[in-house]
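Q: So that we are looking at the same thing, I have put the structure below in structure tokens.
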Amino acid sequence: MLRSKIIGTGSYVPKKIVTNQDLEKMVDTSDTWISTRTGIRERHIAVEDSSSEMASKAAKNALKAAGVSPKDIDLIVVGTVTPEMTFPSTACFVQSHLGVKAGAAAFDVSAACSGFLYALDIADKYIKTGAAGKALVIGVDQFSKLVDWNDRATCVLFGDGAGAVVLSAEKGSRGVLSCHIHSDGKHWEMLYSGNPCPPSPFEERKAANQYLVMNGNETFKIAVRTMGGAITEAMEQNKLTAEDISLLIPHQANLRIINATRDRLKLPDEKVYTNLDRYGNTSAGSIPLALDEAVRLGRVKENDIILFVSFGGGLTWASAAVRW
Ligand code: ACO
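Mapping of the sequence shown onto this note's numbering: residues 778 to 1101, in sequence order.
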């Protein structure tokens, strides 16, 4: 049976760092409030890089780690809700930036913070059916262009960044074991943003309510419930117990949400990877960015069982299990 083996990971964050102390100068907030309520201390903000540039840099790093030439890629799937333009897709820009062969397939998936796991699910199915031999799966978002920098309730939460993996069709027991993706559109008003592409002047966007809008408290509750359910689904399908899990890499939105999920699973702290203190919530970039960091730090070893779980605007939620 063919499986999608992750043969390389990569990530990219823009250079500019905005700390909680920097935000104290911009809105009525404090480092104490942000770090105790969310776990976030700083985030990277894109000044020079666009979504497709961040995605391409992350993908280039993943291809290098995999030892794969862009010419060998058959499929590019990008999870993003902050695309380079309305169209063409960010994936097509990535194809052009990297020199991926003409004739490969490239498209974007819109599932907010679940974008990477949605993209992984789709690419996994192309690989398993033999429709693609090698795929680039990327999560990228640039929420700095969606948030109202005068709104303390939202601007402190997000950062910009990208992560990518290279999937290869291989026989054996290692690779993606399962993906589960879900949505419930009736909760769309919990978290949304108008179309910011192309960006319009501040006043026009405000009038059109194009900034990100979020019901933080309700999103929090739904996140804890749906992430727990998605993990249970992955564990049941693969007949896994908590002891079998080597590392849980959750969407990095809020440390309290992550800790609630950890407690529900009765996982020890060292089996849960977090890096949101340094990046904030990078939406679709969050899981592959954390994965790449974990891999490069040696936290992921051959045959380890890695679980991924996400939730986001839509509402969407998803999980994936991988034997590394
Ligand atoms: N600094 C200081 N005070 C603040 C700030 C801030 N940055 N933001 C809000 N406050 C105030 C509020 O005004 C409120 O004041 P009040 O009591 O005088 O009315 C008080 O702090 C408490 O506000 P709450 O919203 O109740 O705070 P809560 O503990 O719920 O934390 C938070 C808010 C961090 C947003 C939390 O609800 C959360 O993380 N929710 C999930 C959000 C999320 O994960 N969104 C991303 C989804 S993924 C995607 O698809 C993008």
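Built from N, CA and C at the ideal position, the CB exists for glycine as well.
Tell me L944's beta-bridge partners as DSSP assigns them.
A: DSSP output for L944 lists I783 and A912 as bridge partner(s).
Q: Assess contact between the region 850 to 864 and the region 901 to 917, defined as three or more Cβ pairs (one per stretch) separated by less than 8 Å. Is contact present?
A: Short answer: they touch.
Q: Taking contact to mean 3 or more Cβ pairs, one atom from each stretch, closer than 8 Å, check whether the region 1010 to 1018 and the region 1055 to 1072 are in contact.
A: Result no; under three Cβ-Cβ pairs closer than 8 Å.
Q: Excluding five sequence neighbours on each side, which residues of the same chain lie with their C-beta closer than 7 Å to the C-beta of S960?
A: So the qualifying residues of the chain are G1091, L1092 and T1093.
Q: Hey, how far is the Cα of S827 from the Cα of S873?
A: Roughly 14 Å between the two C-alpha positions.
Q: Could you tell me how far apart the beta carbons of F935 and R820 are, in whole angstroms, since I believe they sit closer than 8 Å?
A: Between R820 and F935 the Cβ distance is about 7 Å, and since that is below 8 Å, they are a contact.
Q: Could you have a look at W1094 and say whether DSSP puts it in helix, strand or coil?
A: Of the three classes helix, strand and coil, the one that applies to W1094 here is strand, per DSSP.
Q: Would you mind sorting V1019 into buried or exposed? The rule is 16 or more other CB atoms within 10 Å of its CB.
A: Residue identity check: residue 1019 is Ala in the sequence provided, not Val. Exposed, since its Cβ has fewer than 16 Cβ neighbours within 10 Å.
Q: Using C-beta distances below 6 Å, list every residue in its chain close to I784, excluding the 5 sequence neighbours before and after it, in chain order.
A: Same-chain partners within the cutoff: A843, V943 and S945.
Q: Quick check: what's the CA-CA separation for K793 versus V824?
A: Cα-Cα distance, rounded: 7 Å.
Q: With DSSP as the reference, please indicate the residues paired to Y895 in a beta bridge.
A: For Y895, which the question treats as bridged, DSSP gives no partner whatsoever.
Q: Could you tell me the alpha carbon to alpha carbon distance between I749 and K1048, rounded to whole angstroms?
A: Outside the modelled stretch of the chain, which goes from 778 to 1101, sits residue 749, for which no answer is possible.
Q: Kindly indicate the opening and closing residues of the beta strand (DSSP E) around F1088.
A: Taken as a continuous stretch (DSSP letters only), the beta strand (DSSP E) holding F1088 covers I1082 to G1089.
Q: Taking only the alpha-carbon atoms, compute the straight-line gap between D805 and L954 and give it to the nearest angstrom.
A: Roughly 46 Å separates the two Cα atoms.
Q: Secondary structure at H959, three-state DSSP: helix, strand or coil?
A: Of the three classes helix, strand and coil, the one that applies to H959 here is strand, per DSSP.
Q: Can you round the beta-carbon distance between L894 and A836 to whole angstroms, since I take them to be within the 8 Å contact cut?
A: L894 to A836, Cβ: 17 Å. No contact.
Q: What's the gap between the Cα of Q987 and the Cα of R951?
A: About 43 Å.
Q: Could you check if N1052 belongs to the surroundings of the ligand ACO, using beta carbon to heavy atom distance under 7 Å?
A: Because no heavy atom of the ligand ACO lies under 7 Å away, the Cβ of N1052 does not count as near it: no.
Q: What does the Cβ neighbour count give for F920, buried or exposed, with the cut at 16 atoms within 10 Å?
A: By the 10 Å Cβ count, F920 comes out buried.
Q: Spell out the partners DSSP gives Q798 in its beta bridges.
A: BP columns for Q798 are empty, so no partner.
Q: May I ask which residues mark the beginning and end of the alpha helix (DSSP H) holding P1065?
A: P1065 -> alpha helix (DSSP H) spans S1063 to R1073.
Q: Express the C-alpha separation of T1051 and V1099 in angstroms, rounding to a whole number.
A: Their backbone Cα atoms lie some 18 Å apart in a straight line.
Q: For P1027, which three-state DSSP category applies?
A: DSSP places P1027 in strand when its eight states are reduced to three.
Q: Let me check you understand the geometry: is the CB of M1004 closer than 7 Å to at least one non-hydrogen atom of the ligand ACO?
A: Incorrect: M1004 has no Cβ contact closer than 7 Å to the ligand ACO.
Q: For R818, list the residues DSSP reports as bridge partners.
A: Paired residue(s): none; R818 is not in a bridge.
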